[in-house]
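So that you can map any letter, position 418 of the sequence shown is 465 in our numbering, and since no number is skipped, the others follow by simple counting.
Virtual Cβ for every residue (Gly too), placed ideally from N, Cα, C.
Predicted model, so just to flag it, every value in this text is computed and none were measured.
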Amino acid sequence: MLERLFLVALPLLGAFLYLKVRYLRFKQYAHIPQLKPSLVWGHMKAVHEYSLRQKAGSHIDPAFAAMSDDLGNPPLFLVDLRPVGHAMAIVTSHEVAEQFSRASKMFPWSVPKSPTMSSLVHLIGNKSILSREGEDWKQLRKRFNPGFAPQHLMTLLPCILDKTWLFLEHIDSYARTGDEFLLDALTTNLTFDIIGAVVMDTDFDAQYLQKARQGEIIRLFGELASSYSNDDVNLPWWASPRRELQRYRLSARIDKLLATIIRQKHAAQQSPSAPKSRSILSLALQDTTELTDHMVSDTCDQIKTFLFAGHDTTAILLAWAIYELSRTPRALNAVRAELDEVFGTDPDPASIRDQLLAPNGDDKIRRLSYMSAVIKETLRLYPAAATARMSPPGTGFTVRTPHGDNLCVDGLVIYNCERLIQRDRAVFGESADVFVPERWLGDTSTSEEESAESEKGGQHTIPPTAWRPFERGPRNCIGQELANIEARVILATVARRYDFVKVGLGETALDARGMPVVDDETGQYKVESELYNVSALP
């Protein structure tokens, strides 16, 4: 009897599952532009095929760009990775992206972060400011905002300059020997060192060229971060349990080291005779009399978040800015002329340091308008991060496209693809893929508030919402001003001191006389091959 029931039920179950999968694949999000999905694979096969067309080691964004082109460049399109991943909406329009990042009646602090953030839990912790929501996030942001305020960060200039000196010593050494070196490795170690000093008033010893001499936190964090650089980064934990266990153990060791430092810093802060630290951590703990285990754990997660988000953004920004300046003589000459005007004609970094540490040092930084344009343009072309959001199923959240369509996006992972948004030809014209700092002159601010004010005054030719490397809205990057100050200070010390020459991918094309070949259209040096990844090897 049971066998007969099973034989009857099995085809019915199969039919139900078939209809369910068919609905999910072909009807649930049929209102959103997409490539033709496979009943079995969704868009997984398409993503794989488009990825294979890109250069080895490329980010996934160029594959999304090719998919967008084949779809006619819609403002957003669907990529269905179920059941291995999520169904995603890839956003390519700044007008649509803004609807996810801004506050609304439904979501007072913008659309919630995507559940895919859980894959980074070992890097940033369970209670990271990146992943927390609602009042929990609001209180965290309130607690750390004072430490990242521009006025406070300027008081930390001595720390930034001190660490920059070690970086310059390394570059000087390579300049004397003529040896090739990986700039990305040096900028990464530099920004790690700056974060340690600025956030924790702690020397991470990150800039030693021998890894064995670097601080234990940096070595462990580097090992942990590298475990996320492989192809299985977005797979569920059970797909690679050994890798998951490795990440768990590394994260636990980092937590233990950070907790010790946090307790030591708090104890020193309670002592009336101890020198007062101006670090971001000290500022966050200044009203804390009793340091509970919960608060230590919470603070550990924020420091891990600052390490993760802070070092990568600035390191990539510096490496790309130096590369683009090295192949754009017009821009390099303009930067050098501006530095001559602001700091005088002596290119010695010591002279720049002394002037930055003088009472009017912050004014010197503000006067670097062309330098700021270089930074803004570099971040436009090479954003180091993006944001992923999700409107929970059943909330009825819709976005309006530039064409006037209203699309419900409940249950989708929303990926604001900054690389596509910030290279939109409808906004940036035919030079969308070209390094043109001049497009930002008169509009070099990276502050959302200042951009909004200048937009009201009609000063913008480029919509403020089209530039979003730090994202926008209530949950924009808390550390963006630190990244800007770091970049301006470091570039100011290197731009006149060195002439950088790229070797391997992206190297300059030379004519028969050994002189760089200039592209008459862009004013840049032509290259032998495209540099598509700043850390790519020759």
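Alpha-carbon spacing of residue i relative to residue j, whole angstroms
i: residue 382; j: residue 572; result: 17 Å
i: residue 61; j: residue 130; result: 17 Å
i: residue 146; j: residue 426; result: 21 Å
i: residue 514; j: residue 334; result: 36 Å
i: residue 136; j: residue 384; result: 45 Å
i: residue 261; j: residue 199; result: 28 Å
i: residue 68; j: residue 304; result: 48 Å
i: residue 458; j: residue 139; result: 19 Å
i: residue 167; j: residue 310; result: 25 Å
i: residue 263; j: residue 452; result: 53 Å
i: residue 370; j: residue 205; result: 27 Å
i: residue 169; j: residue 406; result: 42 Å
i: residue 421; j: residue 338; result: 43 Å
i: residue 271; j: residue 360; result: 17 Å
i: residue 133; j: residue 393; result: 56 Å
i: residue 163; j: residue 249; result: 32 Å
i: residue 476; j: residue 124; result: 22 Å
i: residue 489; j: residue 418; result: 12 Å
i: residue 404; j: residue 296; result: 42 Å
i: residue 268; j: residue 478; result: 38 Å
i: residue 516; j: residue 509; result: 15 Å
i: residue 233; j: residue 255; result: 10 Å
i: residue 568; j: residue 97; result: 30 Å
i: residue 165; j: residue 562; result: 51 Å
i: residue 462; j: residue 286; result: 23 Å
i: residue 431; j: residue 542; result: 22 Å
i: residue 90; j: residue 345; result: 38 Å
i: residue 202; j: residue 323; result: 13 Å
i: residue 144; j: residue 443; result: 17 Å
i: residue 565; j: residue 559; result: 13 Å
i: residue 483; j: residue 471; result: 14 Å
i: residue 456; j: residue 438; result: 7 Å
i: residue 87; j: residue 293; result: 32 Å
i: residue 65; j: residue 72; result: 10 Å
i: residue 226; j: residue 212; result: 20 Å
i: residue 113; j: residue 487; result: 27 Å
i: residue 151; j: residue 520; result: 10 Å
i: residue 273; j: residue 434; result: 21 Å
Cβ separation of residue i and residue j, assumed to be a contact under 8 Å, to the nearest whole Å
i: residue 242; j: residue 353; result: 6 Å
i: residue 222; j: residue 365; result: Wrong, their Cβ atoms sit about 17 Å apart, outside the cutoff.
i: residue 194; j: residue 327; result: 3 Å
i: residue 301; j: residue 258; result: Not quite, the Cβ-Cβ distance comes to about 16 Å (not below 8 Å), so this is no contact.
i: residue 373; j: residue 214; result: Rounded, the Cβ-Cβ distance is 17 Å, inconsistent with contact.
i: residue 121; j: residue 84; result: Actually they do not touch by this definition, with Cβ atoms about 16 Å apart.
i: residue 171; j: residue 247; result: Not confirmed; about 16 Å, so no contact.
i: residue 576; j: residue 552; result: 5 Å
i: residue 29; j: residue 436; result: The structure shown does not extend to residue 29, since the chain spans only 48 to 585, so no value can be given for it.
i: residue 191; j: residue 349; result: 7 Å
Contacts around residue i, its chain only, beta-carbon distance under 7 Å, and the 5 residues preceding and following it disregarded
i: residue 399; result: 390, 539 and 540
i: residue 228; result: 221
i: residue 184; result: 156 and 176
i: residue 210; result: 237, 240, 241 and 244
i: residue 111; result: 137, 464 and 467
i: residue 579; result: 102 and 105
i: residue 544; result: 394 and 396
Bounding residues of the beta strand (DSSP E) (the contiguous stretch that carries residue i)
i: residue 421; result: Note, residue 421: premise wrong, no beta strand (DSSP E); alpha helix (DSSP H) at 416-428.
i: residue 124; result: 123-127
i: residue 138; result: 134-138
First and last residue of the uninterrupted alpha helix (DSSP H) at residue i
i: residue 562; result: No alpha helix (DSSP H) contains residue 562, which DSSP labels as neither H nor E.
i: residue 643; result: Nothing can be reported for residue 643: it is not among the residues displayed for the chain, which extend from 48 to 585.
i: residue 96; result: 91-99
i: residue 328; result: 327-332
i: residue 341; result: 340-373
i: residue 268; result: 263-273
i: residue 176; result: No alpha helix (DSSP H) contains residue 176, which DSSP labels as neither H nor E.
i: residue 247; result: 230-247
i: residue 201; result: 197-201
Same chain, Cβ closer than 8 Å to residue i, five either side skipped, listed in chain order
i: residue 368; result: 421, 422, 425, 534 and 538
i: residue 5; result: Absent from the structure is residue 5, since the part of the chain shown begins at 48 and ends at 585.
i: residue 108; result: 464, 466 and 467
i: residue 570; result: 375, 376 and 377
Cutoff 6 Å; reference residue i; Cβ partners in own chain excluding five residues on either side
i: residue 474; result: 513
i: residue 252; result: 261 and 262
i: residue 197; result: 528
i: residue 357; result: 242 and 526
heavy atom of the ligand GDP below 7 Å from residue i C-beta
i: residue 422; result: Here there are no bound small molecules, and the ligand GDP is not part of this structure.
TODO: Please list the segments of the alpha helix (DSSP H) lying wholly inside the stretch 438-501, counting only runs of 4 or more residues, in order along the chain.
DONE: 465-468 and 472-475
Task: Runs of alpha helix (DSSP H) lying entirely within the stretch 387-411, each at least 4 residues, in chain order - done: 396-403
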